[in-house]
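*Asks:* Below you will find the structure I want to go over with you.
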Amino acid sequence: MHKQKVADGQGPAQLTSGSRPASGGRLSRMELRRHVGLQIGIDAVCLTVGLGAAYLGRFSLSPLTDTGFWMITVVAVCLLYFVGTALHLYLGRYRFGGFDEVLALLCSVVLTTIGTIVVDVAFGRSGRMPAGMLPLAGAVGLVLMFGVRYLWRLTGERRRRQQQRTGSEPIIVFGAGEGADRVLASMLRTPDSPYAPVALLDDDPHTWNLALGGVRVRGGREAIATVARQTGARTLLVAIPSADAALLREITTVAENAGLVVKVLPRVVDLIDGRVDVRDIRDLDLTDLLGRCQIQTDVGSVAGYVTGRRVLVTGAGGSIGSELCRQLYRYHPQELIMLDRDESALRAVQISIHGQAIADDETVVLCDIRDVEGVNAVFTRYRPQVVFHAAALKHLPLLERFPGESVKTNVWGTMTVLDAAVSVGVERFVNISTDKAANPTSVLGYSKRITERLTASVPADARRGVFVSVRFGNVLGSQGSVLRVFASQLAAGGPLTVTHPDVTRYFMTVEEAVELVVQAGALGGNGDVLVLDMGQPVRIADVARRLATRGPRPVEVVYTGLSPGEKLHEDLFDDDERDIRRHHPLISYVSAPAIDRQHVLALAPWGDPETTRAALRRLAQPHTARPHPAARIGAAEAPSVVGNDR
C-alpha cells in the first residue's frame, strides 16, 4: 500500500516547491532515490554539524582529527537513516519542508540520539566525546534540520509569489483571522491561483503589525481606497466566513466607492471540515447583503415528529412549499404527500427531489384547497399525521383589488384544510403565516391574521394533535419577491421601481426560513404563533441602488409611492404582543386569540370589495364581537369551494 502511494506521485517528500514531474505526476524509482538521497544527505550534514558544534563547545578543539568523533558520527548518521526510514520520513510520506513532517523528524532525531548514547555507553568508548554531549548535539542538529526546511519552504513560497504577481490578479484581503490565514496559505501554495494577495486589512488595531504569509496588515476599512491605489488591486476579499449582513454591507459600500469588486468566502457551516481553499472564493450576492443568519437545527426534535410519519404539504409547488418538501424528504418520512393546484409546479418539485418526474407517483396530488370535497377525499385517503399548510394567495396589490379571492383561498381554504386535518386526527399542523399579519393594514395581512386565529381556534375536544402558526417576512427569490421584480426590470433595461425611499422589509433566504419553520413545528403548542427572527430590516432603495450599479449599463431608480394597504415598515409583532423566546434563540412565541367560525363563514367574498375589505379588517382584530351586517350571508351560502396558491 505504501509503495502504491509513492508510485502514484502522491509522495509529498518531493523536493520540488509544489510542482510535479512532467510525466503526469508520477515519480520514477530513479527520481525517488534522488530525492530521498538528497533529503538524507541534508539531514546527515545537519546532524554532523550538530555533533561538531557540541564537540567544539565542549573542548574548544577541532573534531576533524578525532577518530572517536568520526566513529560516533557514522553511528549517528546510520541510526538516523534507519529510524527515519522506519518512521517513513525517507519513504515519501511527508513533503519536505511541510508541517506534517515535524513530528516524524522530531521522533527520528530523539530516537537517534538515544540510540547513539546507548551504543556509546555499551561499547565503553574512552574517546574525547562524552555521552552527555550527545543530547546537545541532537538538539543542534534538529534545529539545523528545521532551519533548512524553513528556508526551503520560504524560498518556494517567494518563488510562487513572484510567479503569481506576473499572472494573477492582485487582491486585498479584509480580515486577519483564521479564515484569512487559511485562504492566504491556499493562494500561496496553489501554482495556478487566480489571485495574488497584496495587502491585508482589519479593523482591529492589534493586528496592524501582523503579517500572514509575508502579507502585511496595512490598516482598517478606512484604508481600503488608499491601499487599492497603492497596490493597483481591483478586488477585495472579505475573508470572514462568519461576517453578518450588516458588516458586509458596510465594507461593500466602502469598497465599491473605491472601485473594488467584492468577493467573499462561504459561511462557516458551508465549509467542509472548516477548510478554506482559493476555489471557495465567490462573488458577493444580495443574499449575503440581506442576511446570513446561521441556523443550528435540532435534528433530533425534527426527526422525532417527521421521520416515519405521513407528511402532507399544501402549496407544495410554491417557493416555500417546494423547499419544505425538499427539506422534509431528508428526514425520511414514511410518505411525503405533495398537494398543489399547479401541475407544472408539482412536476418541478418532484424532479428536484427524485431527479425525475414519475407519472404514477401517488404522493403527488393535484388538488385545489378551495375544493372542500376534494381536500376531504385527499385527507381521508392518505390520513396524514403531520401537515404543513403553505398554500395561499400573497400578491398584496392584487388582493387589495380582489379581496374576495383572499377570503376564498387564504381564509376559507385554511378552514377547509383545518377541518380535514381534524377529521383524520392529524398529530401536528403547521400553518404558514406572514409578518403582514402583525398589526395588519392590507387584505393580505387581514386574511393571514384570520388564519392564525382559525388555527388557534380548533376546539380541544375535536382535535388530538398540536395546531400552530409560523410567522415570518419576505423570502429571497420567492414568487413575487422584490429581487425577482428587480431582476426582470434589469433584464428589460430598467428603471427599477421602489415604492418609497424609506421603505424597509425583513428578508430571509428560503432555505433558512423553511429550516426554522420545520424546527418551529417541533416546538410550538396549541394556539401558539411562532415568529421567526428575520434579523434587521433592509432598506429597499439601497438594494435597488446596489443592483442598478451592477447592471451592464446605468439604470435609474424610480419611486412610485406606497400601494394601498402597504406599510412603510413591517412589524413582526402586534402592539400587544411580546417577544418571548422559550426554546430557540431565533423563534419567538406569541398567542393568537380564538375566533368564532360563524363570523368567518359570514364573510361575503362575492359582494362589494370595500365591504369585504372592511369585514376582513374587523375579523383580524384581537377581539371580534359580531360580524358587520353588510358582510352576512346565509348558512346555506357557506363556502363549498375554497383554494390554493403560493
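Following the numbering used here, the numbering of the sequence shown begins with 3 at its first residue and continues without gaps. All C-beta atoms, glycine included, are put in the ideal place defined by N, C-alpha and C. Keep in mind the model is a prediction, meaning the values are calculated, not measured.
How about GLU572 and ARG507: are their beta carbons less than 7 Å apart?
*Replies:* Yes; because the gap between Cβ atoms is below 7 Å, this pair is in contact.
*Asks:* Alpha carbon to alpha carbon, how far is VAL428 from SER444? Give it in angstroms, no decimals.
*Replies:* The straight-line gap from Cα to Cα measures roughly 31 Å.
*Asks:* Over what stretch of residues does the beta strand (DSSP E) that includes THR499 continue unbroken?
*Replies:* Where THR499 is concerned, the enclosing beta strand (DSSP E) stretches over 498 to 500.
*Asks:* Taking the C-alpha atoms as reference points, what is the distance between ASP204 and ARG191?
*Replies:* When rounded, the distance between both Cα atoms is 23 Å.
*Asks:* Can you tell me whether DSSP reads PRO199 as helix, strand or coil?
*Replies:* Of the three classes helix, strand and coil, the one that applies to PRO199 here is strand, per DSSP.
*Asks:* At what residue ranges does the stretch 299 to 328 contain a whole run of the beta strand (DSSP E), taking only runs of 3 or more?
*Replies:* The qualifying runs are 312 to 316.
*Asks:* One question on the structure: do TYR333 and VAL304 come within less than 7 Å of each other, judged by their Cβ atoms?
*Replies:* The answer is yes: Cβ separation under 7 Å.
*Asks:* Could you check which residue in ARG231, GLY177, ALA248 and LEU249 has the C-alpha nearest to that of ARG218?
*Replies:* Among ARG231, GLY177, ALA248 and LEU249, the Cα nearest to that of ARG218 is on GLY177.
*Asks:* Is the beta carbon of PHE431 less than 7 Å from the beta carbon of VAL389?
*Replies:* A contact, by the Cβ cut-off of 7 Å.
*Asks:* Note down, one range per segment and in chain order, each alpha helix (DSSP H) of at least 4 residues found wholly within the stretch 404 to 439.
*Replies:* Counting only runs of 4 or more, we get 405 to 408 and 414 to 425.
*Asks:* Who are the near neighbours of PRO335 in its chain, counting only those whose CB is closer than 6 Å to its CB and skipping five residues on each side?
*Replies:* Taken in chain order, the residues that qualify are VAL308, ARG311 and VAL313.
*Asks:* Do GLY496 and ALA557 count as a contact pair if the criterion is CB distance below 7 Å?
*Replies:* Note that residue 557 corresponds to Val in the displayed sequence, not to Ala. Going by C-beta atoms, VAL557 is nearer than 7 Å to GLY496.
*Asks:* Within the same chain, show all residues whose beta-carbon is closer than 6 Å to that of TRP72, passing over the 5 residues directly before and after it, in chain order.
*Replies:* Same-chain partners within the cutoff: there are none.
*Asks:* Residues bridged to ILE174 by DSSP?
*Replies:* Its beta-bridge partners are ALA201 and LEU238.
*Asks:* Based on Cα-Cα distance, which residue from TYR591, VAL545, SER565 and ASP504 lies nearest to ALA524?
*Replies:* Selected option, being the one with the closest Cα: TYR591.
*Asks:* Flag this pair as touching only if the stretch 371 to 386 and the stretch 586 to 602 have three or more C-beta atom pairs under 8 Å; answer yes or no.
*Replies:* As far as the Cβ criterion goes, the stretch 371 to 386 does not touch the stretch 586 to 602, which means the pair count is below three.
*Asks:* Buried or exposed: where does SER346 fall if 16 or more other Cβ atoms within 10 Å of its Cβ makes it buried?
*Replies:* The residue is exposed, with fewer than 16 neighbouring Cβ atoms inside 10 Å.
*Asks:* Looking at VAL413: is its Cβ nearer than 7 Å to the Cβ of ILE452?
*Replies:* Yes; because the gap between Cβ atoms is below 7 Å, this pair is in contact.
*Asks:* What are the boundary residues of the beta strand (DSSP E) that includes THR511?
*Replies:* Start and end: 509 to 511.
*Asks:* Can at least three beta-carbon pairs, one atom from the stretch 536 to 543 and one from the stretch 594 to 601, be found at a separation below 8 Å?
*Replies:* Taking 8 Å as the limit for Cβ pairs, the verdict is that the stretch 594 to 601 does not touch the stretch 536 to 543.
*Asks:* With C-beta atoms as the reference, is LEU485 less than 7 Å away from LEU492?
*Replies:* No. Outside cutoff.
*Asks:* Helix, strand or coil: which one does DSSP assign to SER19?
*Replies:* At SER19 the pLDDT is 41, less than 50, meaning the model places this residue with poor confidence and gives no usable figure here.
*Asks:* Does the Cβ of GLY52 have 16 or more other Cβ atoms within 10 Å, making it buried, or fewer, making it exposed?
*Replies:* It counts as buried.
*Asks:* Is the separation between the beta-carbon of ARG394 and that of ILE322 shorter than 7 Å?
*Replies:* At residue 394 the sequence reads Ala, which differs from the Arg that was named. Cβ atoms of ALA394 and ILE322: not closer than 7 Å.
*Asks:* Out of VAL409, THR233, ALA182 and MET135, which one is the CA nearest neighbour of LEU212?
*Replies:* The candidate whose alpha carbon is nearest that of LEU212 is ALA182.
*Asks:* Given a cut-off of 7 Å on the beta-carbon distance, is the pair ILE253 and VAL240 in contact?
*Replies:* Going by C-beta atoms, ILE253 is nearer than 7 Å to VAL240.
*Asks:* DSSP three-state label for TYR652, please.
*Replies:* The displayed coordinates of the chain run from 3 to 648. Any statement about residue 652 would go beyond what the structure contains.
*Asks:* For PHE404 and LEU446, what's the separation of their Cα atoms in angstroms?
*Replies:* One C-alpha to the other measures close to 11 Å.
*Asks:* Could you check the C-alpha separation between ALA632 and GLU513 for me, to the nearest Å?
*Replies:* At ALA632, the pLDDT of 34 sits below 50, so the modelled position is not reliable; the number obtained from the coordinates is stated separately. Cα to Cα, the separation comes out at about 43 Å.
*Asks:* Following the continuous beta strand (DSSP E) through LYS265, name the residue where it begins and the one where it ends.
*Replies:* Counting along the chain, the beta strand (DSSP E) containing LYS265 begins and ends at 263 to 266.
*Asks:* Excluding sequence positions up to five away, which residues of its chain have a Cβ less than 7 Å from the Cβ of ASP285?
*Replies:* Contacts found: LYS265.
*Asks:* Looking only at DSSP bridge pairs, what is MET340 linked to?
*Replies:* In the DSSP output, where bridge partners are listed per residue, MET340 has VAL315 and VAL366.
*Asks:* In or out: ILE353 buried (at least 16 other Cβ within 10 Å) or exposed?
*Replies:* The residue is exposed, with fewer than 16 neighbouring Cβ atoms inside 10 Å.
*Asks:* Step through the CB atoms of chain D and report whether any lies within less than 7 Å of the CB of ILE360.
*Replies:* Of the chains in the structure shown, none is chain D; there is only one protein chain.
*Asks:* Would you kindly work out how many angstroms separate the C-alpha atoms of ARG220 and PRO207, rounded to a whole number?
*Replies:* Computed Cα separation, rounded: 10 Å.
*Asks:* If you draw a straight line from the C-alpha of GLU258 to the C-alpha of ARG236, how long is it?
*Replies:* Cα to Cα, the separation comes out at about 10 Å.
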